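Chemist:
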Amino acid sequence: MSVKPALRGDAARMAILDAAHVLFSARGVDAVTMAEVAEAAGVARATVFNHFGSKHSLVQAITEGVYDGYTELLKNALAERTTPTPVLIRALFEIMGGGIESDPGFYRGVFREIALLTVGLTEGGVAHEARQLALDRLVQLLTRGQARDELTREHTPEDLAMACDSLVFGTITHWLYDDASESLKDRMRRASDVFLGNVALVSPDAFEGPVPEIRVPPRSGPLRVVAGSGERSEP
Numbered sequence: 352m353s354v355k356p357a358l359r360g361d362a363a364r365m366a367i368l369d370a371a372h373v374l375f376s377a378r379g380v381d382a383v384t385m386a387e388v389a390e391a392a393g394v395a396r397a398t399v400f401n402h403f404g405s406k407h408s409l410v411q412a413i414t415e416g417v418y419d420g421y422t423e424l425l426k427n428a429l430a431e432r433t434t435p436t437p438v439l440i441r442a443l444f445e446i447m448g449g450g451i452e453s454d455p456g457f458y459r460g461v462f463r464e465i466a467l468l469t470v471g472l473t474e475g476g477v478a479h480e481a482r483q484l485a486l487d488r489l490v491q492l493l494t495r496g497q498a499r500d501e502l503t504r505e506h507t508p509e510d511l512a513m514a515c516d517s518l519v520f521g522t523i524t525h526w527l528y529d530d531a532s533e534s535l536k537d538r539m540r541r542a543s544d545v546f547l548g549n550v551a552l553v554s555p556d557a558f559e560g561p562v563p564e565i566r567v568p569p570r571s572g573p574l575r576v577v578a579g580s581g582e583r584s585e586p
C-alpha cells in the first residue's frame, strides 16, 4: 500500500487554506475546528498551528486572498484604457456581486472579518495591508476618471474611494446577513447606480461598446472562488 508523502512548506499551507475554504463554505467558520481543517487538508493539527497560530489568523489569511481578488479586479479595470470609468465601476459592482453570490456560506465568515477591517476595529496584519492596497487601486481608478472628466471633481478621489468602498461592502454585508431574497448581482448594480448618480459625468447607459472582461480568472488550489470570479475550479 502506498503512503502519501507528508505535505510541507507552501504545499501544506495551500492545502490548509483550500480545506478551510471547503469547510467554511459548507458549514460556516464558527462550526469548523482547526482539527477538522487539518484532517481535511491531510496534515497534522500541529502543522495547521505552525502556519496559522489561531483560527483568527487562518480567517485573516483567507480574507487577504479575497482582497487580493478585489485588487486584481481593480488592476484589470485600470488596464482598460478606453472604457469610461463609470462603465468600469458598474462592472466591478456586478462582478463582485456575482462572485460572492456563488458561495454565500464561505463569504459570510470572511465578511465578518472584512466588516471589522472596514470600521477600523482590526488593524495590522496581512488582511489590513491587502485592504489598503485595494483602496489604493480604487483611488487610482477614480483619479483617472476625474482627469478624463468622467467623474465629478467636487470630492477628492480618496473621499470617493471611501464612499464607494463602504457602499460595496455594506451592500454585500446586508445581503449576506440580513436579506438574500434577491440576486446580489442585481442589488449591486443598483448600488453602483446610487454611487454613480452623484458622481458620474458620463452615463454608463450611454456606452455602446462591449463591457470589458475584467473579472479575475478562476484559480486552482486555495480560494477557488475569488471576489469577482463567480466561478469554481475543481478541487
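Residue numbers (this note's numbering): 352 to 586.
Note that the Cβ used here is the ideal one computed from N, Cα and C, for glycine as well.
Every value quoted in this text rests on a predicted model; they were computed, and no experiment measured them.
(1) Cα-Cα, which of Asn549, Val550, Phe520 is closest to Lys536?
(2) Which runs of the beta strand (DSSP E), 3 residues or longer, sit entirely within the segment 482–522?
(3) Taking C-beta to C-beta, are Val553 and Pro437 nearer than 8 Å?
(4) Can you tell me which of the three DSSP states Ala370 falls into?
(5) Does Ala377 come within less than 8 Å of chain D when only Cβ atoms are used?
(6) From Asp516 to Glu480, what distance separates their C-alpha atoms?
(7) Kindly confirm or deny that the segment 420–429 and the segment 481–488 touch, where touching means at least three C-beta pairs closer than 8 Å.
(8) Please state the DSSP three-state secondary structure of Ala442.
(9) For Val383, which of Leu409, Ala466, Pro435, Gly450 has the nearest alpha-carbon?
(10) Which value, in whole angstroms, describes the spacing of the CA atoms of Ala389 and Ala512?
(11) Please list the terminal residues of the continuous alpha helix (DSSP H) segment that includes Leu429.
(12) Kindly indicate which three-state DSSP category Ala377 falls into: helix, strand or coil?
(13) Please name the residue, chosen from Trp526, Val461, Gly393, that lies closest to Gln411 on a Cα-to-Cα basis.
(14) I need the DSSP call for Ala386, collapsed to helix, strand or coil.
(15) Taking only the alpha-carbon atoms, compute the straight-line gap between Asp529 and Ile523 and give it to the nearest angstrom.
(16) Rank Gly416, Leu368, Lys406 by C-alpha distance to the C-alpha of Gly393 and give the top, closest one.
(17) When you compare only the Cα positions, how much space is there between Leu547 and Gly450?
(18) Looking only at its own chain, which residues have a Cβ that is under 7 Å from the Cβ of Arg538, when we skip the five neighbours before and after it?
(19) Spatial neighbours of Leu493 within its chain, please: C-beta separation below 7 Å, excluding the five flanking residues on both sides.
(20) Check whether the Cβ atoms of Thr434 and Pro563 lie closer than 8 Å to each other.
(21) Between the alpha carbons of Ser543 and Leu443, how many angstroms are there, rounded?
(22) I'd like to check one pair, Leu425 with Ala485: are the Cβ atoms closer than 8 Å?
(23) Just grab the DSSP bridge partners of Ala551 for me.
(24) What is the DSSP secondary structure of Glu566, counted as helix, strand or coil?
(25) To the nearest angstrom, report how far apart Ala362 and Asn549 are at their CA atoms.
Modeler: Per the coordinate set shown:
(1) Phe520
(2) none
(3) yes
(4) helix
(5) In the structure shown, chain D does not exist; there is a single protein chain.
(6) 15 Å
(7) yes
(8) helix
(9) Leu409
(10) For Ala389 and Ala512, the distance between alpha carbons rounds to 39 Å.
(11) For Leu429, the enclosing alpha helix (DSSP H) has its first and last residue at 406–430.
(12) helix
(13) The residue among Trp526, Val461, Gly393 with its C-alpha nearest the C-alpha of Gln411 is Val461.
(14) The answer is helix: DSSP assigns Ala386 an H, G or I state.
(15) 10 Å
(16) Selected option, being the one with the closest Cα: Leu368.
(17) 21 Å
(18) Gly448, Thr522, Trp526
(19) Leu502, Pro508, Leu511, Ala512
(20) yes
(21) 9 Å
(22) yes
(23) Leu502.
(24) First, the residue type needs correcting, since residue 566 is Arg and not Glu in the sequence shown. Of the three classes helix, strand and coil, the one that applies to Arg566 here is coil, per DSSP.
(25) 47 Å
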